[in-house]
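A short write-up of the structure that comes next.
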Amino acid sequence: MLIGPDSVEFPGFSPALDEHLESAAGLLSLLSVRIDAGFLSKAPGLRVVSNMAVGVDNIDLEACGRRGIPVGHTPDVVTDATAELCIGLMFAIARRITETAAAARGGKWKAWSPAGWLGSDIRGATLGVVGLGKIGQAVASRAAGLGMKVVYTSRTRKMDAETSLGAAFLPFDELLRTSDFICLTVALTPETHRLVDARALRLMKPTAYLVNVARGSVVDTAALSHALRDGIIAGAALDVTDPEPLPDTNELFSFPNCVITPHIGTATYQTRKRMAEMACENLIAGLEGRRLPYCANEDYLKSFS
Ligand code: GLV
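Quick note on this note's numbering: the sequence shown kicks off at 2 and runs consecutively.
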């Protein structure tokens, strides 16, 4: 059974979905569906959950582990596409690409002007990467190739990456104070929930940009709105928002210096095809009682076995 908001057969949490859950043995889920103990209680025969995403913050891994349900996900294949989008968003916000393209289309391109549509240089700027996992490292290596100085913060120091990428470790607050671009690539956990709040935004330079390709709720949406309204930071580019989708009445859409894309980090033909294949491999393995090739809750499965 496939469930997600785009599912034609099972739109949202309809009674029809509940009926199907009762007899479901396997679930191919999307990141927009919350799978917790309450959800699991409606699926007494469920033997595997296969999430078509690398992130599994929509799933209560412990609750699944307690029921002996393995949870599959799609690591590694998402790395390059997400890092490329992150770099694209950085350019979009620094060079005002979406704003100026809309202006040109809207008849506001009157003349070339020496001080028209000015943005910021990428080369020579400092990029602060928050969370130097696989996606963070892929962003850092591309940024180094663009001539940026790369600094990072994470729970643990990544000595190999420091050497191979020339990235310097900084405590979070120091990274906020010194970076020209801050890219969020951390997993969503209780520790990273609203990590970028009003306090963090105030520590950023007024000329700095925030780019989020992680999860929307790593940023406090209201605090970001406030920061853009008051010129506390120079701009933001968000592929993920809180909530998702972001209602088109949200104030963030009113700021020309805020670029918002609809969670398209992995949206290339090649990447989504590979994610779909991996999700199917996980699902079939689970249904056949085999170990999942890409399992996200091995530890919980072990501790409850
Ligand atoms: C996308 O956001 C994913 O987690 O794969």
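Backbone N, C-alpha and C define an ideal beta-carbon position, used for all residues, glycine too.
Any non-hydrogen atom of the ligand GLV closer than 7 Å to residue i Cβ
i    : result
V79  : yes
A1   : Here the chain covers residues 2 to 306 and nothing more, so residue 1 does not appear.
L32  : yes
G266 : yes
T190 : no
T242 : no
T75  : yes
Any non-hydrogen atom of the ligand ZN within 7 Å of residue i CB
i    : result
T186 : By its list of ligands, the structure shown excludes the ligand ZN, since it contains just the ligand GLV.
Beta carbon of residue i nearer than 8 Å to that of residue j
i    : j    : result
A84  : A169 : no
G129 : S180 : yes
I261 : T242 : yes
A26  : L41  : no
V49  : L284 : yes
I183 : V212 : yes
A145 : G120 : no
L62  : K43  : no
T267 : V79  : yes
K150 : T186 : no
T101 : W113 : no
N258 : L229 : yes
D240 : D221 : no
A238 : G56  : no
I98  : R143 : no
T75  : A201 : no
L177 : L196 : no
L86  : I123 : no
L32  : A54  : yes
P294 : E278 : no
S51  : G66  : no
G287 : P71  : yes
M171 : S155 : It should be noted that the sequence gives Leu, not Met, for residue 171. Cβ distance not < 8 Å, so L171 and S155 don't count as in contact.
A93  : T269 : no
G167 : Y153 : no
Y210 : G236 : yes
G39  : F305 : no
W110 : A104 : yes
DSSP state of residue i mapped onto helix, strand, coil
i    : result
K150 : strand
S33  : coil
V241 : coil
S24  : helix
S51  : strand
F14  : Its pLDDT being 49, under 50, F14 is placed unreliably in this model, and the value from its coordinates should be taken loosely. Of the three classes helix, strand and coil, the one that applies to F14 here is coil, per DSSP.
A286 : helix
T272 : helix
S255 : helix
L293 : coil
G39  : helix
G129 : strand
G137 : helix
V9   : Low confidence applies to V9: its pLDDT is 43, below 50, so where it sits in the model is not reliable enough to give any reading.
### Task
Please list the segments of the alpha helix (DSSP H) lying wholly inside the region 146 to 222, counting only runs of 4 or more residues, in order along the chain.
The DSSP assignment places complete alpha helix (DSSP H) segments of no fewer than 4 residues inside the region 146 to 222 at 160 to 166, 173 to 179, 199 to 204, in order along the chain.
### Task
Can you check the region 57 to 121 for any alpha helix (DSSP H) of at least 4 residues that lies completely inside it and give the ranges in chain order?
Taken in chain order, the complete alpha helix (DSSP H) segments of 4 or more residues contained in the region 57 to 121 are 62 to 67, 80 to 95, 98 to 106.
### Inter-stretch contact (C-beta, 8 Å, three-pair minimum) for the region 214 to 234 and the region 242 to 254
Three or more pairs of CB atoms, one per stretch, sit closer than 8 Å, so the region 214 to 234 contacts the region 242 to 254.
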